[in-house]
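Engineer: Residue numbers for the sequence shown, in numbering that gives the first Met the number 0: 0 to 741.
C-beta atoms are modelled at their ideal positions from N, C-alpha and C, and glycine is treated no differently.
Okay, here's the structure, questions in a sec.
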Amino acid sequence: MHPLDSYFRDSLTADLSDSGRAIAAPESDKSAWWWGLFEAQATSRHLDFVARELQQEGRGFYTIGSAGHESNAMVAMAARASDPALLHYRSGGFYVARAQQVSGSTPIRDVLQGLMGLADEPIAGGRHKVFGHPDLAVIPQTSTIASHLPRAVGLSIAMHRAHRLGVDCEWPSDAVVVCSFGDASANHSTAAGAINTALATAFRGLPVPIVFVCEDNGFGISVPTPAGWIEAAYGSRPGLAYVAADGSDPANAWPAILKAIDFVREQRRPAFLHLRTVRFGGHAGSDAEISYRKPRDIQADYGRDPLLATASCLCAMGASAADVLARYDDIRAEIDREVDGLRNDRRLGSAAEVMAPIALRRPGRVAETVRTLRNMRPEQTEPGHSPKPRTLAESINAALDELLTADRRVIVFGEDVGAKGGVYGVTARLARKHGRARVFDTLLDEQAILGLGLGAGLAGLIPIPEVQYLAYLHNAEDQLRGEGASLPFFSRGRFCNPMVVRVAGLGYQKGFGGHFHNDNAVAVLRDIPGLVVACPARADDAAAMLRTCAAAAITDATLSVFLEPIALYHQRDLYEPGDQAWLAVDHDDHVPIGRARIYLRPEPVEGRASRGSAHSTAPADLTMISFGNGVPMSLRVARRLAAAGTVAQVLDLRWLAPLPVEDLLAAARSTGRVLIVDETRHSGGVGEGVITALVEGGFEGPIQRVASQDSFVHLGTAAEHVLLSEDEIEKAARTLAEIGER
Ligand SMILES: Cc1ncc(C[n+]2csc(CCOP(=O)(O)OP(=O)(O)O)c2C)c(N)n1
Ligand SMILES: [Mg+2]
0 MHPLDSYFRD SLTADLSDSG RAIAAPESDK SAWWWGLFEA QATSRHLDFV
50 ARELQQEGRG FYTIGSAGHE SNAMVAMAAR ASDPALLHYR SGGFYVARAQ
100 QVSGSTPIRD VLQGLMGLAD EPIAGGRHKV FGHPDLAVIP QTSTIASHLP
150 RAVGLSIAMH RAHRLGVDCE WPSDAVVVCS FGDASANHST AAGAINTALA
200 TAFRGLPVPI VFVCEDNGFG ISVPTPAGWI EAAYGSRPGL AYVAADGSDP
250 ANAWPAILKA IDFVREQRRP AFLHLRTVRF GGHAGSDAEI SYRKPRDIQA
300 DYGRDPLLAT ASCLCAMGAS AADVLARYDD IRAEIDREVD GLRNDRRLGS
350 AAEVMAPIAL RRPGRVAETV RTLRNMRPEQ TEPGHSPKPR TLAESINAAL
400 DELLTADRRV IVFGEDVGAK GGVYGVTARL ARKHGRARVF DTLLDEQAIL
450 GLGLGAGLAG LIPIPEVQYL AYLHNAEDQL RGEGASLPFF SRGRFCNPMV
500 VRVAGLGYQK GFGGHFHNDN AVAVLRDIPG LVVACPARAD DAAAMLRTCA
550 AAAITDATLS VFLEPIALYH QRDLYEPGDQ AWLAVDHDDH VPIGRARIYL
600 RPEPVEGRAS RGSAHSTAPA DLTMISFGNG VPMSLRVARR LAAAGTVAQV
650 LDLRWLAPLP VEDLLAAARS TGRVLIVDET RHSGGVGEGV ITALVEGGFE
700 GPIQRVASQD SFVHLGTAAE HVLLSEDEIE KAARTLAEIG ER
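Written out as structure tokens, the structure reads:
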């Protein structure tokens, strides 16, 4: 028996009123309420004991428990079952108490299935031990501490926006977001940033109905949080209502907790509920607390057991210790019966089953959604007038305008996207036309921007945030990796993050130099399961691909990064100054995810007779596989090669994840030789993926790759030393063309 279990039993058996820790009875005799609290707390406690027993038997895989924190059950009791909750991994009491409010709930089974990794676990299908349930408004969280706070804040802001815009939102208009986390987590920059976002947003007068619940047990694994720090840090923040409650004194904690939740519900402003707790049994089953704590300190915590405190209240109201113990034992027996019932339950049986929720892809339906969206747009051209060729930036602007017009769920936001219309004018005029409720500036914090996007998706909106430069996505990247992309995985698709994150990036821009405005690192995005990475090079593709990404967000809750090559935003010419050959007319509705574009042969060179097959219908001599800035560079090189008698076709990948494997293999096979033109870095760049696809696809011809250096990008003209150049491309292409006869 766990020592905490024996301590509880022994203390109950001794006369509680003699224990020197008698607790004031609540004002009214609401014994049913107190029994409900005890039941939630004791259920959570026993589940923790059982988790460790199951692990010893090899049937359980998770032992981070809630023991000592169970007064968080009162937070659920003070909230409503429809209030979205994003919970700390020690909020077991909350979970059980929330389940008590929803008939038909099976919290014991849910939690057991979670820690045993069973396929029928209701939210994650056993993929991770999370607190989450589709019917309990509990949105599952990852283990990355504090990473859920930006989303929680985003949800609290976006719920209101959705209601204001008349968008269907699954959360009531007076809902309160409940977000719990630990005391050490409160120091994480993600938490600090998210709380700041809530305050800065509320400061502007916008509703931010969120209660931050800091479950303060005084430790982050082995590291103590100095006494008084949480109060010092959050007790007097302007705009943050601070409420303290002691979990080991539930009678006094209850009114404080109720006050915090009611305040947020009525005022629509953030509150910080500082819930003092203890932590029993170390950080997890594997944590030998004795190595960093004194035995007498560990023992002293037992006197602050919230279960004993609730038992005291029950006894003060007339229950006998035997009644309490009987209920305590009944709960354990109920859990044991559930464990027995789960003996033969299955776990997911294949990679396909595990991966099923990662990315829903229904290209047919996405295409239909694009058509529906397009039907909503006003007629853009007068009859008889041909549509105007556009630059990449103009085309994205027009596509955003069209999406905002077609679907009121679409919102566009980021740093400088509002009045200024973006650093490069891509969102110009959109705020004026569609209003500041739908096109708006955010705080200068990429985590906050993505968090708002994640929350907005949960509120029924279709967020299209902008991250100003690729270099600045990196400091917030976990919001895509850990939060956005993993949510469907941990919720079997019940909660998702439909979103298109526009990111301006890649090198070669002349206007604004240096690494941070020319960052070419995309490897960190390409390995995120399920994430779509789009990279349009030309205006017509940009509009069509943006529609595809938005339609995929609407239809399949797809999360996409839309990587826009800054250097191509305003490019008009391709071969010669004034030729306007890089402008394009938006004619395709959409581009299916993972389909490449092929430029079959170079434009003939005016006035120059080319040798070989440049103008014939014979197949090309080599395939250049590229994307982004590499596409116009390759086309220019192809033209020079054509003049010398070598015909090169250029394939634009368009999608960097998933790569258009079928298309690139077909193009490679059609010429037998491949040159990969990759403006990202030699190590970890996109080209590595292309080579792998070619080799794994059985392509046996010669492959050459040219890429940028493994360097940061220099300021000014010296950037040319490290970024891939057309000369390098041409040299490699000529070498490749000379390798044997096909
Ligand atoms: C970003 C991140 N860094 C490190 C960890 C490893 N880790 C897990 S829990 C934890 C301590 C958290 O302490 P606290 O926030 O006080 O919560 P408690 O476990 O005490 O309830 C750490 C360091 C993590 N999960 N996430
Ligand atoms: Mg802690």
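Taking the C-alpha atoms as reference points, what is the distance between aspartate 415 and leucine 582?
Structural biologist: The residue labelled residue 415 in the question sits at position 416 within the sequence shown. The residue labelled residue 582 in the question sits at position 583 within the sequence shown. Distance between the alpha carbons of aspartate 415 and leucine 582: 26 Å.
Engineer: Identify the continuous alpha helix (DSSP H) that holds isoleucine 448 and give its terminal residues.
Structural biologist: Position 449 of the sequence shown, counted from the first residue, corresponds to residue 448. Here the alpha helix (DSSP H) through isoleucine 448 covers 445 to 457.
Engineer: Is glycine 506 closer than 8 Å to asparagine 519 when the C-beta atoms are compared?
Structural biologist: The sequence position of residue 519 within the sequence shown is 520, counting from 1. The sequence position of residue 506 within the sequence shown is 507, counting from 1. Going by C-beta atoms, asparagine 519 is nearer than 8 Å to glycine 506.
Engineer: Should asparagine 474 go down as buried or exposed, given a rule of 16 or more other Cβ atoms within 10 Å for buried?
Structural biologist: Numbered from its first residue, the sequence shown carries residue 474 at position 475. Its Cβ having fewer than 16 others within 10 Å, asparagine 474 is exposed.
Engineer: Please list the segments of the beta strand (DSSP E) lying wholly inside the stretch 193 to 270, counting only runs of 3 or more residues, in order along the chain.
Structural biologist: 209 to 215 and 240 to 245
Engineer: Round the Cβ separation of valine 207 and valine 177 to the nearest angstrom and send it over; I've been treating them as touching at under 8 Å.
Structural biologist: Stepping through the sequence shown from its first residue, residue 207 is reached at position 208. Stepping through the sequence shown from its first residue, residue 177 is reached at position 178. Contact flag wrong, Cβ pair sits at about 13 Å.
Engineer: Taking only runs that begin and end inside the stretch 263 to 328, name each unbroken alpha helix (DSSP H) of 4 or more residues, in chain order.
Structural biologist: 294 to 301 and 305 to 315
Engineer: Assuming serine 394 is part of the alpha helix (DSSP H), what are its boundary residues?
Structural biologist: Taking the sequence shown and counting its residues from 1, one reaches residue 394 at position 395. Serine 394 -> alpha helix (DSSP H) spans 391 to 405.
Engineer: Any chance the stretch 167 to 187 sits against the stretch 213 to 224, with 3 or more Cβ pairs inside 8 Å?
Structural biologist: With the cut-off at 8 Å, the stretch 167 to 187 and the stretch 213 to 224 touch.
Engineer: Please report the residue range of the beta strand (DSSP E) in which glutamine 54 lies.
Structural biologist: Taking the sequence shown and counting its residues from 1, the one referred to as residue 54 is at position 55. Careful: glutamine 54 lies outside any beta strand (DSSP E), inside the alpha helix (DSSP H) at 30 to 55.
Engineer: Mind checking which residues open and close the alpha helix (DSSP H) that includes glutamate 727?
Structural biologist: Locating residue 727 in the sequence shown gives position 728, where the first residue counts as 1. Where glutamate 727 is concerned, the enclosing alpha helix (DSSP H) stretches over 725 to 737.
Engineer: Alpha carbon to alpha carbon, how far is isoleucine 448 from isoleucine 22? Give it in angstroms, no decimals.
Structural biologist: Here residue 22 is taken as the residue at index 23 of the sequence shown, counted from 1. Here residue 448 is taken as the residue at index 449 of the sequence shown, counted from 1. Unreliable positioning characterises isoleucine 22 in this predicted model, as indicated by a pLDDT of 47, which lies under 50. The coordinate reading is nonetheless provided below. If I take the Cα positions, the gap works out to 46 Å.
Engineer: In the DSSP assignment, what residue or residues form a beta bridge with threonine 622?
Structural biologist: As a working note, residue 622 is residue 623 in the sequence shown. Looking at the DSSP assignment, threonine 622 forms a beta bridge with Gln648 and Val673.
Engineer: When you compare the CB of aspartate 245 with every CB in chain D, is at least one pair closer than 8 Å?
Structural biologist: Going by chain labels, chain D is absent from the structure shown, which holds only one protein chain.
Engineer: From the DSSP secondary-structure annotation, give me the bridge partner or partners of leucine 562.
Structural biologist: Against the sequence shown, residue 562 aligns to sequence position 563. In the DSSP output, where bridge partners are listed per residue, leucine 562 has Val502.
Engineer: When the Cα atoms are used, what is the spatial distance from glycine 363 to methionine 544?
Structural biologist: For the purposes of this step, residue 363 is identified with residue 364 of the sequence shown, where counting begins at 1. For the purposes of this step, residue 544 is identified with residue 545 of the sequence shown, where counting begins at 1. Spanning the two alpha carbons is a distance of roughly 15 Å.
Engineer: Specify the secondary structure class of glutamine 708 as computed by DSSP and reduced to three states.
Structural biologist: Numbered from 1 along the sequence shown, position 709 holds the residue referred to as residue 708. Of the three classes helix, strand and coil, the one that applies to glutamine 708 here is coil, per DSSP.
Engineer: From glutamate 699 to leucine 723, what does the alpha carbon distance come to, in whole angstroms?
Structural biologist: Along the sequence shown, one-based indexing puts residue 699 at 700. Along the sequence shown, one-based indexing puts residue 723 at 724. When rounded, the distance between both Cα atoms is 26 Å.
Engineer: Give me the DSSP bridge partner(s) of glutamine 703.
Structural biologist: Mapped onto the sequence shown, residue 703 falls at position 704. Glutamine 703 pairs with Leu674.
Engineer: Closer than 7 Å to a non-hydrogen atom of ligand 2 - does that hold for the CB of phenylalanine 279?
Structural biologist: Within the sequence shown, numbered from 1, the residue matching residue 279 stands at position 280. No, since every heavy atom of ligand 2 falls outside the 7 Å radius drawn around the Cβ of phenylalanine 279.
Engineer: Taking 7 Å as the limit between beta carbons, can you name the residues of its chain near phenylalanine 262, skipping five residues before and five after?
Structural biologist: Working through the sequence shown from its first residue, we reach residue 262 at position 263. Only Ala240 and Ala270 meet the Cβ criterion.
Engineer: Alpha helix (DSSP H) containing glycine 153: first to last residue?
Structural biologist: To locate residue 153, count along the sequence shown from 1; it is residue 154. From DSSP, the alpha helix (DSSP H) with glycine 153 extends over 148 to 163.
Engineer: In the structure shown, what three-state DSSP assignment does threonine 12 receive?
Structural biologist: Residue 12 sits at position 13 when you count from the first residue of the sequence shown. It is helical.
Engineer: Is alanine 183 near ligand 2, going by C-beta to nearest heavy atom under 7 Å?
Structural biologist: On the sequence shown, position 184 is the one that residue 183 refers to. Distances taken from the Cβ of alanine 183 to the heavy atoms of ligand 2 include one shorter than 7 Å.
Engineer: Does histidine 132 come out as helix, strand or coil in the three-state DSSP assignment?
Structural biologist: The count along the sequence shown starts at 1 and reaches residue 132 at position 133. Looking at histidine 132 - three-state DSSP - the assignment turns out to be strand.
Engineer: Take the Cβ of valine 673 as the centre, count every other Cβ of all protein chains shown within 10 Å, and call the residue buried at 16 or more, exposed below.
Structural biologist: As a position in the sequence shown, residue 673 is number 674, starting the count at 1. Under the 10 Å beta carbon count, valine 673 is surrounded by 16 or more other beta carbons and is classified as buried.
Engineer: Look at phenylalanine 515 and alanine 470 and say whether their C-beta atoms are less than 8 Å apart.
Structural biologist: Numbered from its first residue, the sequence shown carries residue 515 at position 516. Numbered from its first residue, the sequence shown carries residue 470 at position 471. Alanine 470 is positioned such that its CB atom lies closer than 8 Å to that of phenylalanine 515.
Engineer: Once DSSP output is grouped into helix, strand and coil, what is the label at leucine 655?
Structural biologist: If you number the sequence shown from 1, residue 655 lands on position 656. Three-state result, leucine 655: strand.
Engineer: Within the continuous beta strand (DSSP E) that includes alanine 533, where are the two ends?
Structural biologist: For this step, residue 533 is matched to residue 534 along the sequence shown. From DSSP, the beta strand (DSSP E) with alanine 533 extends over 531 to 533.
Engineer: So valine 353 is in the alpha helix (DSSP H); what residue range does that whole segment cover?
Structural biologist: The count along the sequence shown starts at 1 and reaches residue 353 at position 354. Residue range 350 to 354 is occupied by the alpha helix (DSSP H) that includes valine 353.
Engineer: Is phenylalanine 439 a contact residue of ligand 1, with contact defined as CB to any heavy atom under 7 Å?
Structural biologist: Locating residue 439 in the sequence shown gives position 440, where the first residue counts as 1. No, the beta carbon of phenylalanine 439 sits no closer than 7 Å to any heavy atom of ligand 1.
Engineer: Looking at ligand 1, does it come within less than 7 Å of asparagine 474, judged from the CB to the closest heavy atom?
Structural biologist: To locate residue 474, count along the sequence shown from 1; it is residue 475. No, the beta carbon of asparagine 474 sits no closer than 7 Å to any heavy atom of ligand 1.
Engineer: State buried or exposed for serine 615, treating a residue as buried only when at least 16 other CB atoms are found within 10 Å of its CB.
Structural biologist: Stepping through the sequence shown from its first residue, residue 615 is reached at position 616. At serine 615 the pLDDT is 45, less than 50, meaning the model places this residue with poor confidence and gives no usable figure here.
Engineer: Can you tell me whether phenylalanine 218 sits near ligand 1, meaning its C-beta is under 7 Å from at least one heavy atom of the ligand?
Structural biologist: By one-based count along the sequence shown, residue 218 stands at place 219. Yes, ligand 1 has a heavy atom inside 7 Å of this Cβ.
Engineer: Can you tell me whether glycine 606 is buried or exposed? The criterion is at least 16 other CB atoms within 10 Å of its CB, across all chains shown.
Structural biologist: Translated into the one-based positions of the sequence shown, residue 606 becomes position 607. Since pLDDT at glycine 606 reaches only 36, below the 50 mark, its modelled position is unreliable, and no value is offered.
Engineer: Can you give me the Cβ contacts of alanine 66 inside the same chain, cut-off strictly under 7 Å, excluding the 5 residues immediately before and after it?
Structural biologist: Taking the first residue of the sequence shown as position 1, residue 66 is located at position 67. Answer for alanine 66: Leu3, Arg44, Asp47, Phe279 and Gly280, listed in chain order.
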